[in-house]
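Novice: Quick one: this structure, given as C-alpha cells, is what I'll be asking you about.
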Amino acid sequence: MVPIADDAFFIPSSVRAAVSIRNATEDARIAETVIERMVASEPMVAAALLRLANSAAYRRAEPAESVSVAIMVLGMAEVRAVASHVAMLQMVRGIRGRAARLVAESLLLHSISVSQFAEELARASPGLNAARVGTLALFHELPTFHLLAASNHDPDRFASLEAISGIVRTTRLRSFEMLMQDLALPSLAVPRVDEMALVERAHAYVTHPNPMSMHPQEAGACGEIPPERIVMLQACAEAAYVTLVEGPIPHAVREIVAESEQAAVAPPPTMLPEVDDDAPPPPPRRGLLARLQNLLVGIFNG
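For the sequence shown, the positions run 217 to 518 when our numbering is used.
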C-alpha cells in the first residue's frame with residue numbers, strides 16, 4: 217500500500233480551541249466559570265450549545281439566551297460532547313475539495329452515530345467510562361479525515377468519489393495514536409482493548425442495514441440494545457448532527473460569530489415562501505447519493 221505523508225496533522229486554531237474546552241471539562245481543578253468564559257470566547261462552541269439548549273429536547277419555558285444558562289441546562293457532560301463535535305465539524309469545514317468534503321460530512325454523521333451507540337454500550341459495561349468510550353468512538357475515523365484533508369494539497373487526486381474510493385483501498389493511513397497526539401488528546405491515544413471492542417460493536421449497529429434485527433452474536437456478548445432504544449439513539453445522533461451543522465445561530469452569539477468571521481449563517485426567514493401546488497415535484501436526487509453510499513460502505517467494511 218502507498219503511505220501518505222506522515223507529517224503531523226495540521227490542526228486549525230479553532231479546532232484546538234474546541235479541544236481545549238473539551239479537555240477543561242474533564243479537569244476538576246478548573247472552575248465552571250472559567251469554562252463558561254472559554255466557551256463564550258469560542259463562537260462556534262457557544263452557538264452550538266445555545267442551539268442545543270433551545271432545541272425541543274432541552275428547552276424549558278424560557279429560551280436560553282446566555283452561555284451560562286445553556287451550560288446549566290445541558291450539564292458539563294454535554295458541553296464536553298458538543299466541544300468534541302465542533303472540533304470534528306471544523307476539521308470537516310477545512311476540507312475544500314467537493315467530493316472529499318461530501319465524504320467527510322457523511323463521516324461526521326457516522327461518527328456521531330457510533331459515539332451515541334458506544335456510550336450506550338459502555339453504560340452497561342462495568343469498569344468502563346462511558347464519556348471516554350464515546351469520545352473514542354467520535355474520533356475513530358480520524359485517520360480517514362486526515363486522508364481526506366490531503367485533498368487540499370492535491371485536489372486532482374480527490375476529484376471524484378471513485379478516485380477517493382481507490383485512494384482509500386491503496387493508502388496506508390496515519391495511525392490513530394499519532395493523530396490523537398496531534399489533536400492534543402494523548403490520554404486517548406492508546407485506548408484499552410475492551411474500549412475499542414465496544415466501539416467496534418457500536419460500529420456494527422450503525423452500519424447494519426437493520427440494527428433492530430441484529431443477532432446477539434453480531435452485537436457482542438451482553439451488548440444487545442432494545443429496539444426502542446436503538447430508534448432513540450438513531451434519532452439523537454441525527455438531531456445532534458442537524459443541531460451542529462444546520463441550526464440557526466442564536467441571537468446571543470450572532471454578533472460574536474459575525475465579528476470572528478468563523479461562520480456566516482443567516483437568521484431564519486420571517487415568513488415562508490409561497491408554494492405553487494401545480495408545479496411538478498423536483499426530480500429525485502439519485503446518482504451522486506447512491507455512489508456516495510456505495511463508497512462509504514466500502515470505507516466502513518474495508
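Beta carbons are placed, not taken as given, at the ideal position from N, Cα and C, and that holds for glycine.
Within a Cβ cutoff of 6 angstroms, which residues of the same chain sit near A299, ignoring the five residues on either side of it in sequence?
Specialist: Counting only Cβ-Cβ distances below 6 angstroms, and skipping sequence neighbours, we find A234, I237, R238 and V261.
Novice: In whole angstroms, what separates the C-alpha of E519 from that of S230?
Specialist: Limits of the chain in this structure are 217 at one end and 518 at the other, which puts residue 519 out of reach.
Novice: Give the secondary structure of G310 by DSSP, where H, G and I count as helix, E and B as strand, and everything else as coil.
Specialist: Three-state DSSP puts G310 in coil, outside helix and strand.
Novice: For I328, which residues in the same chain have their Cβ closer than 6 angstroms to its Cβ, ignoring the five residues on either side in sequence?
Specialist: Once the five neighbours on either side are set aside, the close Cβ partners of I328 are A453, A456 and Y457.
Novice: Below 8 angstroms on the Cβ atoms is my contact criterion, and I expect V409 with A353 to pass it. Report the Cβ-Cβ distance as a whole number of Å.
Specialist: About 15 angstroms; that fails the 8 angstroms criterion.
Novice: Just mark T386 as buried or exposed, buried being the case when its beta carbon has 16 or more other beta carbons within 10 Å.
Specialist: Result: exposed.
Novice: From this set, V308, I287 and R275, which residue's C-alpha is nearest P228's C-alpha?
Specialist: For P228, the nearest C-alpha among the options comes from V308.
Novice: Using only alpha-carbon positions, find the residue among Q450, V447 and G313 that is nearest to D370.
Specialist: Ranking Q450, V447 and G313 by Cα distance to D370 puts G313 first.
Novice: So is P427 buried or exposed if we call it buried at 16+ other beta carbons inside 10 Å?
Specialist: Looking at its Cβ environment, which holds 16 or more other Cβ atoms inside 10 Å, P427 is buried.
Novice: Cα separation between L337 and F355?
Specialist: For L337 and F355, the distance between alpha carbons rounds to 17 angstroms.
Novice: When the Cα atoms are used, what is the spatial distance from R388 to I441?
Specialist: Using only the alpha carbons, I get a separation of about 34 angstroms.
Novice: Distance, Cα to Cα, G382 vs G291?
Specialist: When rounded, the distance between both Cα atoms is 43 angstroms.
Novice: If you run the structure through DSSP and keep just helix, strand and coil, what is V357?
Specialist: The sequence given here has Glu at residue 357, not Val. Of the three classes helix, strand and coil, the one that applies to E357 here is coil, per DSSP.
Novice: Around the Cβ of V255, are there at least 16 other Cβ atoms within 10 angstroms (buried) or fewer (exposed)?
Specialist: By the neighbour-count rule (16 or more Cβ atoms within 10 Å), V255 is buried.
Novice: Rounded to the nearest angstrom, what separates A366 and L395 at their Cα positions?
Specialist: Cα-Cα distance, rounded: 14 angstroms.
Novice: Might you give, ordered along the chain, the residues of its own chain that have their beta carbon closer than 6 angstroms to the beta carbon of S376, omitting 5 neighbours on each side?
Specialist: A315, listed in sequence order.
Novice: Mind checking whether A269 and V250 have CB atoms under 7 angstroms apart?
Specialist: No, the pair does not count as a contact, with Cβ atoms beyond the cut-off.
Novice: I need the DSSP call for Y274, collapsed to helix, strand or coil.
Specialist: The answer is coil: DSSP assigns Y274 none of H, G, I, E or B.
Novice: Measuring CB to CB, does V283 end up less than 7 angstroms from E242?
Specialist: Result no, Cβ atoms of V283 and E242 do not sit closer than 7 angstroms.
Novice: Alpha carbon to alpha carbon, how far is V384 from H419?
Specialist: Cα to Cα, the separation comes out at about 18 angstroms.
Novice: Just to confirm before moving on: does the CB-CB distance between A280 and A286 stay below 7 angstroms?
Specialist: Yes, the pair counts as a contact, with Cβ atoms nearer than the cut-off.
Novice: For P342, does the three-state DSSP call read helix, strand or coil?
Specialist: In this structure, P342 counts as coil in the three-state DSSP scheme.
Novice: Would F333 and Y421 be called neighbours here (beta carbons separated by less than 7 angstroms)?
Specialist: Yes. Within cutoff.
Novice: What number of angstroms, rounded off, separates the C-alpha of E321 from the C-alpha of L364?
Specialist: Cα-Cα distance, rounded: 11 angstroms.
Novice: Taking the alpha carbon of I446 as the point to measure from, which residue in T423, L460 and A263 has its own alpha carbon closest?
Specialist: Of the candidates T423, L460 and A263, the one whose C-alpha sits nearest the C-alpha of I446 is T423.
Novice: When the Cα atoms are used, what is the spatial distance from N368 to Q306?
Specialist: N368 and Q306: Cα-Cα distance of roughly 15 angstroms.
Novice: Report, in whole angstroms, the separation of the C-beta atoms of A405 and R232, which I expect to be a contact under 8 angstroms.
Specialist: With 8 angstroms as the limit, A405 and R232 do not qualify as a contact, their Cβ atoms being about 16 angstroms apart.
Novice: Please report how far the alpha carbon of S341 lies from the alpha carbon of V330, in whole angstroms.
Specialist: Roughly 16 angstroms between the two C-alpha positions.
Novice: Would you mind reading off the limits of the alpha helix (DSSP H) that contains I446?
Specialist: Run containing I446: P443 to V461, per the alpha helix (DSSP H) assignment.
Novice: Candidates Q450, V295 and E248: which alpha carbon is nearest P425's?
Specialist: Comparing Cα-Cα distances from P425 to each of Q450, V295 and E248, the minimum goes to Q450.
Novice: So is R390 buried or exposed if we call it buried at 16+ other beta carbons inside 10 Å?
Specialist: When all chains shown are included, R390 counts as buried.
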